[in-house]
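Position one of the sequence shown corresponds to residue 13 (the numbering used here), numbered consecutively onward.
Heads up, the beta-carbon is just placed ideally off N, CA and C, and yes, glycines get one too.
Remember, it's a predicted structure, so these values are computed and weren't measured experimentally.
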Amino acid sequence: MSTILVIDDNPAVATALEVLFSLHDLPAMHAASPAEGLAMLDAEDVDLVIQDMNFTADTTSGDEGRALFAAIRERHPDLPVVLLTAWTHLESAVELIKAGAADYVAKPWQDAKLLATVNNLLELAEARRELDLRRDGERRRRDDLARRYDLRGAVFADPASERVVALACQVARSDLPVLITGPNGSGKEKIAEIIQANSANREGPFVTVNCGALPSELIEAELFGAEAGAYTGANKAREGKFEAADGGTLFLDEIGNLPPAGQMKLLRVLETGRFARLGSNRERQVKVRVVSATNADLPAMIRDGAFREDLYYRLNTIELAMPPLGERPGDILPLAERFGDGGKPLSNAAAAALQRHPWPGNVRELRNVIQRAQLLATGARIEVADLALPRTAGGRGPAREPEREQIEAALHRAGGVIAQAAADLGMSRQALYRRMERHGLKPA
């Protein structure tokens, strides 16, 4: 159960708060001075602090409250602190809100509003603890994967991509074909590299063919090789990718672009390990692990007669579906940091803008955005404007500045509770206070 610590030199205030909280099953403790409060924080598990701004008789400067808040923040940086203040101390309280205080409550307080603020903050703190526990578990799993497998420098933090990487490592030791599905630029080739690096033939070659980048009449020659004179311009015999990949892994990207004749030959190679070069009757034997990838809907292509059903079932003995970057939000900032290559850091606003963007171009788009911003940013940090993120058809993109009417409506819906109104507007409490000041709005 959550515990509240009240730090106030006025016994009447402390008693009133303890009674109020006890009536709502919220355990509370009292400290009469900053020193006593800090000692209790070191000795007890506290979930929220409510502190006064002055502790010495006839002192109204708020300096003692500022010093206490700074000491709490230094020792317990994530602990929510609510300030008790008279209206004469409002400016000092707002300054501390900008420095990280959770909220402030004016004396004399309204019980309902204070309880709403406290309950919201305790719920947020509990959610933060659960999130931290989950992230710790995810971090341990990623560290375990990195210790056990060669991840080829893959950068990921989202559970969705972690599942794909873990499954790729699990199936790597098998010789079975693997089909990697997902949109262009989502990282399918990196998954193929992980499979090769952890396979039984990891010492063999890793050969890549982009079936979508070759004319259809040349794909067969590229894959299976050709004898001299097999087609116009073939002045000498050439080795195909299957021969080059013998003893290793062949990665067939954009497999949906393989023409029908190539599909038939690929099926035979998968079944027998044998093929013939174009223009030759002599069969050759190879041992190759085939990993393929596509952004196409192969079942739909099968229904349309554009892709062989028997080949599809040979290719996707194991299927790994790589989600688009927009569905892996936990990967966005780690990837942005990698693409920044130790250059200028992102501002908080820029980081938030990256996470709001839908990334229709996936990882490739993110890399281009970060590399461009590193080159063009003139300040010490990359700001939202430096990212030059486009607005998308869905209307997502950098957040619009809330207008006065939107702020007033959010405050009304939240009953004047700043933390709740800020969450409703998608911004921090400090950011909301700054915008309230800009529009001349006073807290309720």
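Beta carbon of residue i nearer than 8 Å to that of residue j
| i | j | result |
| --- | --- | --- |
| residue 371 | residue 332 | no |
| residue 263 | residue 298 | no |
| residue 401 | residue 424 | no |
| residue 163 | residue 176 | no |
| residue 218 | residue 252 | no |
| residue 352 | residue 310 | no |
| residue 19 | residue 55 | no |
| residue 445 | residue 110 | yes |
| residue 306 | residue 266 | yes |
| residue 189 | residue 15 | no |
| residue 301 | residue 213 | yes |
| residue 85 | residue 112 | yes |
| residue 154 | residue 135 | no |
| residue 367 | residue 319 | no |
| residue 286 | residue 280 | yes |
| residue 149 | residue 373 | no |
| residue 161 | residue 210 | yes |
| residue 365 | residue 399 | yes |
Buried or exposed (CB count within 10 angstroms, at least 16 for buried), residue i
| i | result |
| --- | --- |
| residue 129 | buried |
| residue 228 | exposed |
| residue 248 | exposed |
| residue 182 | exposed |
| residue 343 | buried |
| residue 407 | Bear in mind that the predicted position of residue 407 carries a pLDDT of just 42, short of 50, making it unreliable; the figure below should be weighed with that in mind. Exposed, because fewer than 16 other Cβ atoms sit within 10 Å of the Cβ of residue 407. |
| residue 92 | buried |
| residue 57 | exposed |
| residue 115 | buried |
| residue 27 | exposed |
| residue 68 | exposed |
| residue 237 | buried |
| residue 205 | buried |
| residue 283 | exposed |
| residue 185 | exposed |
| residue 193 | buried |
| residue 74 | buried |
| residue 451 | exposed |
| residue 391 | exposed |
| residue 317 | exposed |
| residue 410 | Any reading at residue 410 is ruled out, since the residue's pLDDT is 43, under 50, leaving its predicted position unreliable. |
| residue 230 | exposed |
| residue 199 | buried |
| residue 429 | buried |
| residue 273 | exposed |
| residue 145 | exposed |
Bounding residues of the beta strand (DSSP E) (the contiguous stretch that carries residue i)
| i | result |
| --- | --- |
| residue 288 | 286 to 288 |
| residue 16 | 16 to 19 |
| residue 398 | From DSSP, residue 398 is part of no beta strand (DSSP E) but of the alpha helix (DSSP H) over 396 to 399. |
| residue 122 | Where residue 122 is concerned, there is no enclosing beta strand (DSSP E), given that its DSSP letter is neither H nor E. |
| residue 423 | From DSSP, residue 423 is part of no beta strand (DSSP E) but of the alpha helix (DSSP H) over 416 to 425. |
| residue 295 | 295 to 297 |
| residue 305 | 301 to 306 |
| residue 457 | In the structure displayed, the chain extends from 13 to 456; residue 457 sits before or after that span and is not available. |
Rounded distance between the beta-carbons of residue j and residue i, thought under 8 Å
| i | j | result |
| --- | --- | --- |
| residue 375 | residue 345 | Incorrect: roughly 13 Å between the Cβ atoms, too far for contact. |
| residue 133 | residue 60 | 6 Å |
| residue 53 | residue 108 | Not confirmed; about 17 Å, so no contact. |
| residue 40 | residue 50 | About 17 Å; that fails the 8 Å criterion. |
| residue 278 | residue 290 | In fact, because the Cβ distance is near 14 Å, the residues do not count as touching under 8 Å. |
| residue 233 | residue 240 | Residue 233 to residue 240, Cβ: 12 Å. No contact. |
| residue 207 | residue 180 | 5 Å |
| residue 361 | residue 396 | 5 Å |
| residue 203 | residue 334 | 6 Å |
| residue 64 | residue 21 | 7 Å |
| residue 379 | residue 357 | With a Cβ gap of about 17 Å, residue 379 and residue 357 do not count as contacting. |
| residue 437 | residue 414 | 5 Å |
| residue 94 | residue 62 | 5 Å |
Delimiting residues of the alpha helix (DSSP H) encompassing residue i
| i | result |
| --- | --- |
| residue 449 | 441 to 450 |
| residue 310 | 310 to 315 |
| residue 454 | It is not in any alpha helix (DSSP H) - residue 454 carries neither H nor E in the DSSP assignment. |
| residue 266 | That residue, residue 266, is in no alpha helix (DSSP H); it is neither H nor E in DSSP. |
| residue 209 | 200 to 209 |
Residue i: CB within 7 Å of a non-hydrogen atom of the ligand ATP
| i | result |
| --- | --- |
| residue 236 | Here there are no bound small molecules, and the ligand ATP is not part of this structure. |
Cβ of residue i within 8 Å of any chain D Cβ
| i | result |
| --- | --- |
| residue 383 | Chain labels in this structure do not include chain D; a single protein chain is all it has. |
Quick one: complete beta strand (DSSP E) runs, 3+ long, within the region 35 to 78? 40 to 43 and 60 to 64
Report the residue ranges of all alpha helix (DSSP H) runs contained in full by the region 325 to 377; include only those spanning at least 4 residues, in chain order. 341 to 352 and 360 to 368
Quick check for students: name the residue ranges of the alpha helix (DSSP H) that lie wholly in the region 220 to 261, counting only runs of 4 or more. 228 to 236 and 253 to 256
Curious, which full-length alpha helix (DSSP H) runs of at least 4 residues does the region 154 to 195 contain? 171 to 183
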